[in-house]
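In what follows, a structure is listed as structure tokens, so that the remarks can point back to it.
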Amino acid sequence: MRCLAIAAMVLAFAQPFIPLSSGVKQGEKAVSIYVDNSFSMGALSQNAPLLELAKQRARDIVGAFGVENRFQVLTNDFEGRDQRLISKEDALNRIEEIRTSPATRDLSKVLIRQQQCLQTGKQENRIAFVISDFQRNIADLGAFRDSLMEVNLVPMRAVQERNISIDSVWFESPVQILNQPANLLVKISNRSDEDAEEVRLSLRHDGQTKPVGSMNISAQSSKLDTVSFNILHPGWHEARLSVTDYPVQFDDDYYLSFYVAEQIHVLAINGVEPNKYIGNAFLGARYFQLDNADARALDYSKFSAYQLILLNEPASISSGLANELETFVENGGNVLVFPSQTADLNSYNTFLQAFNAGSLGAFEPSTRQASQLNMDEFVFHDVFLNKSANLRLPVTQGNFRIAPSGGEHIITYRDGSAMLAKYPKGEGALYLCAAPLNEQVSDLVRNGEVFVPMLFKMAIAGTKSRQIAYTIGKDEVLEAKHQVSASGETIYQLRRQPDTGEGGSGNGGGDQAGSSEFIPEQRILGSKVLLTPGTQVRDAGWYRLRLQGDSTLAEFAFNYDRKESDLSYLSDDAIAEGLPGNMRVLTENAEANFGQVVDEQERGIVL
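Anchor point for the sequence shown: position 371 equals 371 in my numbering, and the numbering is continuous, going up by one each time.
See the structure below:
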């Protein structure tokens, strides 16, 4: 009996174990723990958010290893401080700091990040843990190739998988006009397996919130809706579309910003007397400002103030004018050319070459009838209520032949050749007419139902269309006009605006209630400044660009990445399918002693 007692004491203090496999490694270890802290981890599992359970899993993992080991704690934020190995105590403190983040990461990129950090240590035993809900759209485990690093996959499971999301929003027209209704198109998705009824949609525009209506959305489907509102003042506008949904709320709001010009400016460069029909077209339109200039006395420095420049039969186009017009178009302006009947074709065709436009052949004094307007192109799109109506189309008594050169026909003659063609370049476009504007040669100027909307839409199209929204974490580059403050300051700042209105996600009363300011990375490129916010934008909302002490120069809207909106996950079996030998799935339930599970995996079962 005495011998048995001694043997029992030896066993107790020696802690012998049964190895679970021949792969159990001994010695000091480097352990990397990734905690998925994306928005989807805010979903509930029983009575707690997945993220809190994931943090407890991470603590259990750290607790299963001795103090002699080194640790990495990694999240979706990919912070520089997390790319180093730290002590056990520091690892536990770092886990405690983890909060939900708008960042999302493919798991292959996470594993690469873990691999890079573990390789910085002297430890030969390198172990990685991936704690995640394993959404289908991030679980690209097959893209990672490393047979030396041991990888343990720890799935977290939510109780409910349902979500209503605003996926995208865009304007029906690329340019918004003062005192005109604007139509927003919004795509809303039901991400659950159950039909969604009475989904309420609201619009907040310039501080005022109004209900838009409600809709029913079938399971696993989307709906497209149109939201209309009036634009009553020029300048920058803020808008937010919202749905009411619980518990996943990060994608319930969609922020956008846009600019409305007070006037659209048109310059007519005249080689002959100013055309009265052009003047009459803009005379009663207060939104448009027409200026006339003699082709022989031009101030090129003023070109940038215009959205449309119209060449009214200049005899020739000088190299200086050609260069300025090319720059004007590249920067977003539009140019409309009506050639002179006695044009110097060499100068014209040299100018047209810069736009890859068709060259002009000799003038042909013959009657020709236009037969078709391009209703799909912006100039004539949605101009006529009845496209099949018998429109009176232009007739010309003479024209130049425009050589085929890949341009888009806006007005087409009966023989299929172009009367008016469009040639995009940079951010703008050149429009070339085959006939002069002279009413003795063309009746286009007397055809008000075609000529007037054509001029208006070309001018409107020259109002540079801006991106209405950006996605957080997508390394977006913002563009604005470069300016200098009154004090000579050229350091741009972005300031987040408070959103005090009631939104679908509650952001208005939470993290959006206050404002913050930071200096983004910036690069001046000619007349533009390019801004890269990087990771400094973490909250959805509106951000105003300004120089020190100046008013708002531009406004940008940011939204959370909708990649997390699809709450479909890989099952444990799907995760395990096809895994290489160095990867395994740990699938204990939430009540299990997870630290013991990890300890047994690494050391074996302690007797």
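Built from N, CA and C at the ideal position, the CB exists for glycine as well. Bear in mind that the values here come from a model prediction, so they are computed numbers and not experimental data.
Beta-carbon gap between residue i and residue j smaller than 8 Å
i	j	result
N183	A196	no
L547	A480	no
K55	I86	no
Y423	L336	no
Y34	V110	yes
F378	K474	no
G398	S371	no
Q369	R414	yes
H237	V260	yes
A435	M419	yes
N447	H409	no
L298	L283	no
D36	V598	no
V199	I164	yes
N356	A429	no
R94	V67	no
V445	N270	no
I613	D225	Any answer about residue 613 is impossible in this case: the structure gives the chain only from 1 up to 607.
N312	V266	no
V186	V227	yes
Q119	Q83	no
G332	G462	yes
G534	E555	no
D140	S101	no
R544	R495	yes
Secondary structure of residue i, DSSP reduced to three states
i	result
G526	coil
R538	coil
N76	coil
D245	coil
N349	helix
K187	strand
F594	helix
N179	coil
R562	helix
L153	strand
E521	strand
K55	helix
E555	strand
E97	helix
K210	strand
F384	coil
With 16 other Cβ atoms within 10 Å as the buried cut-off, status of residue i
i	result
T396	buried
S527	exposed
G358	buried
F518	exposed
A143	exposed
Q46	exposed
I402	buried
N190	buried
R286	exposed
F594	buried
Opening and closing residue of the alpha helix (DSSP H) in which residue i lies
i	result
S340	Segment: none, S340 is in no alpha helix (DSSP H) and carries neither H nor E.
T327	319-330
S38	Careful: S38 lies outside any alpha helix (DSSP H) and carries neither H nor E.
F282	276-283
P394	Careful: P394 lies outside any alpha helix (DSSP H) and carries neither H nor E.
S108	107-118
A370	A370 -> not in any alpha helix (DSSP H); beta strand (DSSP E) instead, spanning 368-373.
Nearest residue (CA-CA) to residue i, options the options
i	options	result
Y560	S45, A103, D90, E96	A103
V248	S38, A576, W542, S551	S38
A64	M41, L185, A91	A91
A610	D573, G541, G581	Coverage of the chain is limited to positions 1 through 607, which leaves residue 610 absent and any answer about it impossible.
A219	F355, S192, D146	S192
K29	N69, F363, L53	N69
I468	R392, C117, V130, L478	L478
A305	N275, F144, E555, V329	V329
V159	S568, I575, Q596	S568
K563	D106, D77, E79, L53	D106
I177	H233, D206, E124	H233
L148	I472, D291, I112	I112
Boundaries of the beta strand (DSSP E) in which residue i is found, first to last residue
i	result
A196	196-205
L85	That residue, L85, is in no beta strand (DSSP E); it is neither H nor E in DSSP.
G358	Segment: none, G358 is in no beta strand (DSSP E) and carries neither H nor E.
M583	583-585
L430	428-433
L267	264-270
Residue i CB to nearest heavy atom of the ligand FAD below 7 Å
i	result
L201	Here there are no bound small molecules, and the ligand FAD is not part of this structure.
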